[in-house]
Structures are given as C-alpha cells and as structure tokens.
Amino acid sequence: MKKRKNDIMLVAAIGFIALLLWLIIYITRSEGAFVRVTVDGGEYGTYPLDADAEIFIRGDGAYNILVIKDGEAAVLDASCPDKLCMHQGKIRYDGQSIICLPNKVVVEIVGGGQSEYDAVTR
Amino acid sequence: MKKRLTGKEIAEYGLLISLAMVLSYVEYMIPFSVAVPGVKLGLANIVVIFALYRLGTFQAFVISLLRVLLMSFMFGNAFALMYSLSGALLSLCIMLVLRKTGRFSPVGVGAAGGVSHNIGQILCAMVLLETKRLIYYLPVLLISGTIAGIVIGVIAGILIKRLDPKQV
Chain A
783 MKKRKNDIML VAAIGFIALL LWLIIYITRS EGAFVRVTVD GGEYGTYPLD ADAEIFIRGD
843 GAYNILVIKD GEAAVLDASC PDKLCMHQGK IRYDGQSIIC LPNKVVVEIV GGGQSEYDAV
903 TR
Chain B
3 MKKRLTGKEI AEYGLLISLA MVLSYVEYMI PFSVAVPGVK LGLANIVVIF ALYRLGTFQA
63 FVISLLRVLL MSFMFGNAFA LMYSLSGALL SLCIMLVLRK TGRFSPVGVG AAGGVSHNIG
123 QILCAMVLLE TKRLIYYLPV LLISGTIAGI VIGVIAGILI KRLDPKQV
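Sequence lines, in order, name chains A and B.
Position one of the first sequence corresponds to residue 783 (the working numbering), numbered consecutively onward.
Position one of the second sequence corresponds to residue 3 (the working numbering), numbered consecutively onward.
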C-alpha cells in the first residue's frame, strides 16, 4: 500500500537525521578538563578530570556521590528516589552532563575545548 | 463553526478527555526509567490520533490541550505545564499536517507525533534552562520518539478501524 511506503520513508528519514546529528556531535566533541558541580543553580565546586577523586555532594537533605576515575566522571550513589543520575553513565567529553532533577544537581564537563557557552559564562 | 455543543458531543469530549487523562496517569505509574529524560511511551496520544482521524481537528486540539492543562493542574507545576504544552502543541500541529496530506497511515502520524513531542519539549527546556547542551539528548530522543510513536500509531490504527464511527 502507498501509505505504508510513505510511513516507512518518514521513519527512515527521522532515523537518518538522528544518525546524522549523533555523528555531528560525535565528530565535534572534545575531551573536557574539569567537572563542574552545580546545586540548585549555585556552583558547588569544580574538580580536575585527571585526578581520581570521590566527592560527596551535600544538598538540602539530599546527597549524590560523584566519582572521578580514569578521566571519567559518574554518579556512584544518590539519595533521590529515581536514581536516574546513577544510570546516566560515565561522562568525559566537553558539554556532557549528568542531571539529578530531584536533588537539583548538575554535573557537567567543562574546559578542554573551545565551547562558546563557557566563553560566555566565564 | 458550531453554535452549540449537543449532549452527545459533550459526552464524547468528556469520555475521550478522561480516557486520555487515565492513560497519562497509567504511564506515570509505570516505573520506566531510562538514562535520558523525556523517553516515554505517550499513551495519551492514542486518544489524540483517534480524534484526529475519527472526529476532527478541533476536537483533537480540545482533547489534547485540556488533557495537558488538567494533568498539570493536578500533578505538575508551571514548569511541567510549559514542557508538556510545548510538546503537545508541536506534536499536534505536525500530526495535523501529516493527517491532512492523506498520505500517511496512523503509524506514520504516530511516529511523527512522538518525535515532534520530544523536539518541542527539548526546545522548551533549552529556552527555559538557557543551555544548548540539551541538544546532546536529541539523537536518542528522536529514535525513542519514533519507536514509541510507531507503537502508539499501530494501536490507534487498530482502534480507528475497529470502532464504528457512529458508536463513538
């Protein structure tokens, strides 16, 4: 049927765009130098990616444990109910982030590359 | 434009809006956590696609927007309302255009609806949080939105075929 063909074309086009976008992000990414932690919009601390560390992020009656190991950052444990931040995996490239909405914690990789966003905020 | 809603039409709206709300609630209850925020099934879209094919543009808009407003008033906050509204509106417009061309089945309409809902939400989040970094989530959301949209479209397609228009 003609409609089915159009449906398949549409889905294929979306898949292609997703792939292209992913490819662009993959190619243009650069390794970050620092991990910046923000709690409820305020800066909590910035830590170098090349030094292994375990950081206890204390929020308003909540906590997240951030681990930096082998140039990668990940959330090891958190007090939030959904644990989404723990499932977001390891981050190492400029601009990547781990977001814990319930605790209002944002962990992001900064520096290294020449991100326009950082140029504005600094 | 109609002057007045008949009793049957009011019942129709009430039934479909509450059905859409129940489906949103059911989805909210299912513990479904993926690393990327925004990945979801979009069960309520079944009702919207059904309305788009069986009732009409105006009805689909009313059902979708009232569902978003009522759900946000009951369970969300102003932020949640803005996210949902931007997703729902963009998704509705895209689905409407695809529906009007007459070249797509509910499956294609559903896929486009799922994807555009995610795009609308991420654009809204980028504006509200003033960060371009959320674009990193987009490839995953495009794929998840397509898959979820296809599932929803298939279900809506079956319903559109099985339910007699005169009995709705």
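Glycine is no exception: its CB is placed at the ideal position from the N, C-alpha and C atoms.
As assigned by DSSP and simplified to three states, the class of residue i
i: A/Phe838; result: strand
i: A/Gly893; result: coil
i: A/Ile806; result: helix
i: B/Arg56; result: helix
i: A/Arg818; result: strand
i: A/Val902; result: Bear in mind that a pLDDT of 47 at A/Val902, under 50, signals an unreliable position, so the number given afterwards is only what the model happens to contain. Helix at A/Val902.
i: A/Val887; result: strand
Beta carbon of residue i nearer than 8 Å to that of residue j
i: B/Leu54; j: B/Leu98; result: yes
i: A/Lys851; j: A/Asp834; result: yes
i: A/Ile880; j: A/Ile873; result: yes
i: A/Leu831; j: A/Ala815; result: yes
i: B/Phe52; j: B/Ala158; result: yes
Bounding residues of the beta strand (DSSP E) (the contiguous stretch that carries residue i)
i: A/Asn846; result: Tyr845 to Lys851
i: A/Leu858; result: Glu854 to Ala860
i: A/Ile880; result: Ser879 to Cys882
i: A/Pro830; result: Gly824 to Pro830
CB contact below 8 Å: residue i versus chain A
i: B/Ile152; result: yes
i: B/Tyr138; result: yes
i: B/Arg105; result: yes
i: B/Thr148; result: yes
i: B/Arg56; result: no
i: B/Leu83; result: no
i: B/Ile157; result: no
i: B/Val64; result: no
i: B/Leu161; result: no
i: B/Leu144; result: yes
i: B/Val50; result: no
i: B/Arg164; result: no
i: B/Arg135; result: yes
Min CB distance residue i to chain B below 8 Å
i: A/Ile796; result: yes
i: A/Arg786; result: yes
i: A/Val793; result: yes
i: A/Leu803; result: yes
i: A/Ile809; result: no
i: A/Asp842; result: no
i: A/Ile799; result: yes
i: A/Gly877; result: yes
i: A/Asp789; result: yes
i: A/Ala835; result: no
Residue i versus the options, residue with shortest Cα-Cα distance
i: B/Ile96; options: B/Gly151, B/Leu72 and B/Val111; result: B/Val111
i: A/Met791; options: B/Lys134, B/Leu68, B/Thr148 and B/Leu25; result: B/Thr148
i: A/Ile807; options: B/Lys134, B/Gly159, B/Ile162 and B/Val156; result: B/Lys134
i: B/Gly122; options: B/Glu132, B/Tyr85, B/Val156 and B/Ala22; result: B/Tyr85
i: B/Ser26; options: B/Val156, B/Gly9 and B/Ala90; result: B/Ala90
i: B/Gly41; options: B/Ile145, B/Ile152 and B/Gly155; result: At residue 41 of chain B the sequence reads Val, which differs from the Gly that was named. Answer by Cα proximity: B/Ile145.
i: A/Val817; options: A/Phe838, A/Glu854, A/Cys867 and A/Ile847; result: A/Glu854
i: B/Ile160; options: B/Ala113, B/Glu132 and B/Val109; result: B/Val109
i: A/Val849; options: A/Ala795, A/Ala860 and A/Ile837; result: A/Ile837
Limits of the alpha helix (DSSP H) - the one that residue i falls within
i: B/Ser88; result: Ala80 to Thr103
i: B/Ile19; result: Gly9 to Met31
i: B/Arg164; result: Leu140 to Arg164
i: B/Ile124; result: Pro108 to Leu131
i: A/Leu866; result: Leu866 to His869
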